[in-house]
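Novice: Sending over a structure as structure tokens; questions will come in a sec.
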Amino acid sequence: MTELSGWGRYPRHATRLLHPATPRAVQGLMAQQAGLIARGNGRAYGDAAIGAAATLGTGALDRIRAFDRETGRIRAEAGLLLCDLLALAVPLGLFPPVVPGTMAVTLGGMAAADVHGKNHHRDGGFGDHVEALTLALPGGGTLVCGPNENAAVFRATIGGMGLTGTILDLTFRLRPIATGWIRQNTVATADLDATLAALAAAGTAPYCVAWIDTLARGAGLGRGLVFAGEHAALADLAAGLPTAPRFPAARPAWLAVPCDLPSGTLNRLSVAAFNALYFRAGARQAGAPVLVPWDRYFFPLDAIGGWNRIYGRRGFLQYQFVVPGPGAGALVGAVIERVSHHGAASFLSVLKQLGPGHGALSFPMEGLTLTLDLPAAGPVFALLDELDRLVVAAGGRLYLAKDARQAPATFAAGYPGLPGFQALRRDIGAPGRIASRLSERLAI
Amino acid sequence: MAPQTLLLIGATSDIGRAIALRFAAAGWRLQFAARDLDEAARTADDVAARTGAAATLHRLDILEDDAFPAFLDGLPALPDAAVCVVGLLGDQARGEIDPAHARLVLRSNFEGPALLLGAIATRFSARGTGAIIGVSSVAGERGRGSNYLYGAAKAGFTAFLSGLRNRLAPRGIRVITVKPGFVRTRMTAHLKLPPLLTATPDDVAKAVAAAMAGRRDVVYARPVWRLVMTLVRLLPEPLFKRLKL
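Protein chains in written order, with my numbering: chain H, 1 to 444; chain L, 1 to 245.
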């Protein structure tokens, strides 16, 4: 037995960890082992990739099966790491249609969580770009599915957190990029209304996201930085950084957190100091566009190896919700106010506009999504329960890839596709056979 | 110069894949030989996708030595170099009571690879050029209670490669022995292996490429193994037999 946790290091559960070497070995395990869930690179924050009885590591399934450099179409096994794909694709002038906030994820994990990126408002989630995938089913058979083939299973698998089977491989198309640089425009905002307005205005850009200083109170509540970005053209690079390489390589992490920091390291004071510095540094860049290498733009936290250890051994909770409709901005304001008054220090708070979602359990829906990082300490749980009630009342929901603690009722209220998903699971014989700690906790 | 061709025997292993990637990136064509062609195709596809290298697939069972001549005749061309990464760790405890399992370990790690490389050596020798790379193991340096069946087979393979090198050196044919030590693969990522003694499959591939380019005959993926194994060999037997190894 091995003790496993997600990236948030809370909760931890004992599980049998299995490492099948081949897709066929995965099928064998799917036939034999009950209470199984696939695990990519363990970057879901909570308990989504911890098996009820056993956990199937997909690390050995990292082969690229076909790659057309002209069209960008690629078929790769589910355990291929996004960072490995990027190392191959970027120098060829190709880029995935959607990337999440870290490149230390597997392609299978990206599909299972239907990850979204800074371009969700325009391009949808990763699942919207998957043309086909091969799924190992609970009995040990396989099924090829896509938007037009076994579409019900496909829609359930996109965002289905591995609960319909183990994704063996998937096909999608990379997009051409002229350079490996992002032309970034930063707007510093004084309060939440300004942040929301700037975010809406930046929605015309391919990529946009806002960072919020959750510790600012009163008139400055909701102040932040709005980052819009687009892939830089060759002319942008020639004008801005004439001597820079056209396709810079990802830089290795320049800093590693070598050990667990004491649990109190991130307190209100240290986070407030960080936020103030970050805000000022960002505000200085505001106005004129700057060129940023692709890895620093999309994956800033990957520069700090093991950053999840700064919360200490007890771990942390990442709380991400989405709320739809015209009241979304006010609800985000109410949440920030409560977090701020609670004294909880959220180191990272990201606000983004999402477009419509598709999968049965996919997180995205048209609305505003806010992400908060909070230490997994007693009073935070009560605060989050309170926030859950606000989110549910506003018709919103929480992201399963981040979740470690929501109640089944919160989940059921947020995901109207749940009964259909459960019915499909029954049809394919998944109940009991495919089960994670998350699916057991939420009665999926 | 026309592209050179590498025959990879045991194409489905992590080390085999790393070697294939490194040679393909350097412009070599590849011949993948494995018992399980579906599995070999996974690696061949992957190498082709990443490097654009041309590759052919060939079925080979290392225990079917009768079929070796037909296998070699069936290759599109006699390769310029052959690397054998075939290996079966097996289960030592099972091998102690189950002769069939012991035989499988001995034949997979010694007899099969030796007979095949011997056949290839004869063809290389007739042509007058070629390089043979055998991936053996530090386990062959001295028999240990925990894996002496595997170790004995690898010791035999190491001795075979040494003899082959001695025989073919006058003809200008290289024979390189590789002893990887602990290798970190994504399948062993959860095991606690000593970092100083543990190589990645690509470290092994790098060592192979360096040996091909240089003059070294016996290479370790991590040079510290040379020292470690020298010490292990020097331990007096009365002491060695009492150690729990």
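A virtual CB, placed ideally from N, CA and C, is assigned to each residue, including glycine.
Does the pairing of the segment 40-60 of chain L with the segment 59-69 of chain H give three or more beta-carbon distances under 8 Å?
Specialist: Judged by Cβ distances under 8 Å, the segment 40-60 of chain L makes contact with the segment 59-69 of chain H, as three or more pairs qualify.
Novice: Give a yes or no on whether the C-beta atoms belonging to residue 247 of chain L and residue 157 of chain L are separated by under 8 Å.
Specialist: Only positions 1 to 245 of chain L appear in the structure, and residue 247 of chain L is not among them; the question remains open.
Novice: Rounded to whole angstroms, how far is the Cβ of residue 138 of chain L from the Cβ of residue 179 of chain L, which I believe are closer than 8 Å?
Specialist: Confirmed, Cβ separation roughly 5 Å.
Novice: Can you give me the Cβ contacts of residue 80 of chain L inside the same chain, cut-off strictly under 6 Å, excluding the 5 residues immediately before and after it?
Specialist: Hits under 6 Å: 4, 5.
Novice: What does the Cβ neighbour count give for residue 406 of chain H, buried or exposed, with the cut at 16 atoms within 10 Å?
Specialist: Its Cβ being crowded by 16 or more others within 10 Å, residue 406 of chain H is buried.
Novice: On the CB-based measure, 16 or more other CB atoms within 10 Å of its CB, does residue 97 of chain L come out buried or exposed?
Specialist: It counts as exposed.
Novice: Using a Cβ-Cβ distance cut-off of 8 Å, determine whether residue 2 of chain L contacts chain H.
Specialist: No, because no Cβ of chain H sits closer than 8 Å to the Cβ of residue 2 of chain L.
Novice: Note the first and the last residue of the continuous beta strand (DSSP E) segment covering residue 69 of chain L.
Specialist: Counting along the chain, residue 69 of chain L falls outside any beta strand (DSSP E), though it belongs to the alpha helix (DSSP H) covering 68-73.
Novice: Can you give me the Cβ contacts of residue 115 of chain H inside the same chain, cut-off strictly under 6 Å, excluding the 5 residues immediately before and after it?
Specialist: Counting only Cβ-Cβ distances below 6 Å, and skipping sequence neighbours, we find 100, 126.
Novice: Going by the CB atoms, is the gap between residue 368 of chain H and residue 346 of chain H shorter than 8 Å?
Specialist: No, Cβ-Cβ distance for residue 346 of chain H and residue 368 of chain H is not below 8 Å.
Novice: Runs of 3 residues minimum, wholly inside the segment 159-236 of chain H: which ones carry the beta strand (DSSP E) assignment?
Specialist: You should have 166-173, 181-189, 207-212, 224-231.
Novice: For the beta strand (DSSP E) that contains residue 375 of chain H, what are its first and last residues?
Specialist: Unbroken beta strand (DSSP E) run through residue 375 of chain H: 367-375.
Novice: Using only alpha-carbon positions, find the residue among H/213, H/330, H/108, H/188 that is nearest to residue 273 of chain H.
Specialist: Considering only alpha carbons, the answer is H/213.
Novice: Could you tell me whether the Cβ atoms of residue 384 of chain H and residue 370 of chain H are closer together than 8 Å?
Specialist: Contact flag unset, no.
Novice: Report the CB separation of residue 106 of chain H from residue 81 of chain H in whole angstroms; it is logged as a contact under 8 Å.
Specialist: The pair is a contact, with the Cβ atoms about 6 Å apart (cut-off 8 Å).
Novice: Determine, using beta-carbon pairs with one atom in the segment 166-177 of chain H and one in the segment 126-141 of chain H, whether at least three such pairs fall under 8 Å.
Specialist: Contact between the segment 166-177 of chain H and the segment 126-141 of chain H is present, because at least three Cβ pairs lie under 8 Å.
Novice: Cβ atoms of residue 207 of chain H and residue 148 of chain H: under 8 Å apart, would you say?
Specialist: Not in contact: residue 148 of chain H and residue 207 of chain H (Cβ atoms no closer than 8 Å).
Novice: Report the neighbours of residue 35 of chain L on chain H: residues whose CB is nearer than 9 Å to its CB, in chain order.
Specialist: By Cβ distance, chain H contributes nothing, its closest Cβ being about 13 Å from residue 35 of chain L, past 9 Å.
Novice: Taking only heavy atoms of the ligand SAH into account, decide whether any of them is closer than 7 Å to the Cβ of residue 135 of chain L.
Specialist: As far as ligands go, the structure on display features none, and thus does not contain the ligand SAH.
Novice: Identify, in the order they occur along the chain, each residue of the same chain with its Cβ nearer than 6 Å to the Cβ of residue 285 of chain H, setting aside the five sequence neighbours on each side.
Specialist: Taken in chain order, the residues that qualify are 186.
Novice: Could you tell me which chain L residues have their CB closer than 7 Å to the CB of residue 67 of chain H, listed as they occur along the chain?
Specialist: Neighbours of residue 67 of chain H on chain L, chain order: 49.
Novice: In the DSSP output, what is residue 319 of chain H paired with across the bridge?
Specialist: BP columns for residue 319 of chain H point to H/372.
Novice: Under three-state DSSP, which class holds residue 146 of chain L?
Specialist: Three-state result, residue 146 of chain L: coil.
Novice: Throw me the rounded Cβ distance for the residue 231 of chain H and residue 179 of chain H pair, which I believe falls under 8 Å.
Specialist: Right, their Cβ atoms sit about 7 Å apart.
Novice: Which residues mark the beginning and the end of the alpha helix (DSSP H) in which residue 298 of chain H is found?
Specialist: Looking at the DSSP string, the run of the alpha helix (DSSP H) that includes residue 298 of chain H is 294-298.
Novice: May I ask you to list the residues that DSSP assigns as paired with residue 121 of chain H?
Specialist: The partner list for residue 121 of chain H (beta bridge, DSSP) is empty, contrary to what the question assumes.
Novice: May I ask you to list the residues that DSSP assigns as paired with residue 31 of chain L?
Specialist: Its beta-bridge partners are L/7, L/56.
Novice: When burial is assigned at 16 or more other CB atoms within 10 Å of the CB, is residue 1 of chain H buried or exposed?
Specialist: Exposed, since its Cβ has fewer than 16 Cβ neighbours within 10 Å.
Novice: Are residue 404 of chain H and residue 10 of chain H touching if we call contact CB-CB under 8 Å?
Specialist: A contact, by the Cβ cut-off of 8 Å.
Novice: Might you give, ordered along the chain, the residues of its own chain that have their beta carbon closer than 6 Å to the beta carbon of residue 201 of chain H, omitting 5 neighbours on each side?
Specialist: Cβ neighbours of residue 201 of chain H beyond the five flanking positions: none.
Novice: Could you please give the first and the last residue of the uninterrupted alpha helix (DSSP H) stretch that includes residue 418 of chain H?
Specialist: Note, residue 418 of chain H: alpha helix (DSSP H), 418-427.
Novice: Hey, is residue 73 of chain L's beta-carbon within less than 8 Å of any beta-carbon in chain H?
Specialist: Output row for residue 73 of chain L: interface = no.
Novice: Do you know offhand how far residue 382 of chain H's Cα is from residue 50 of chain L's?
Specialist: In a straight line, the C-alpha of residue 382 of chain H is about 50 Å away from that of residue 50 of chain L.
Novice: Put residue 64 of chain L into one of helix, strand or coil per three-state DSSP.
Specialist: In the structure shown, residue 64 of chain L sits in coil (DSSP, three-state: anything other than H, G, I, E or B).
Novice: Are residue 395 of chain H and residue 335 of chain H touching if we call contact CB-CB under 8 Å?
Specialist: Contact flag unset, no.
Novice: One question on the structure: do residue 161 of chain H and residue 436 of chain H come within less than 8 Å of each other, judged by their Cβ atoms?
Specialist: Against a cut-off of 8 Å, the Cβ pair of residue 436 of chain H and residue 161 of chain H comes out as a contact.
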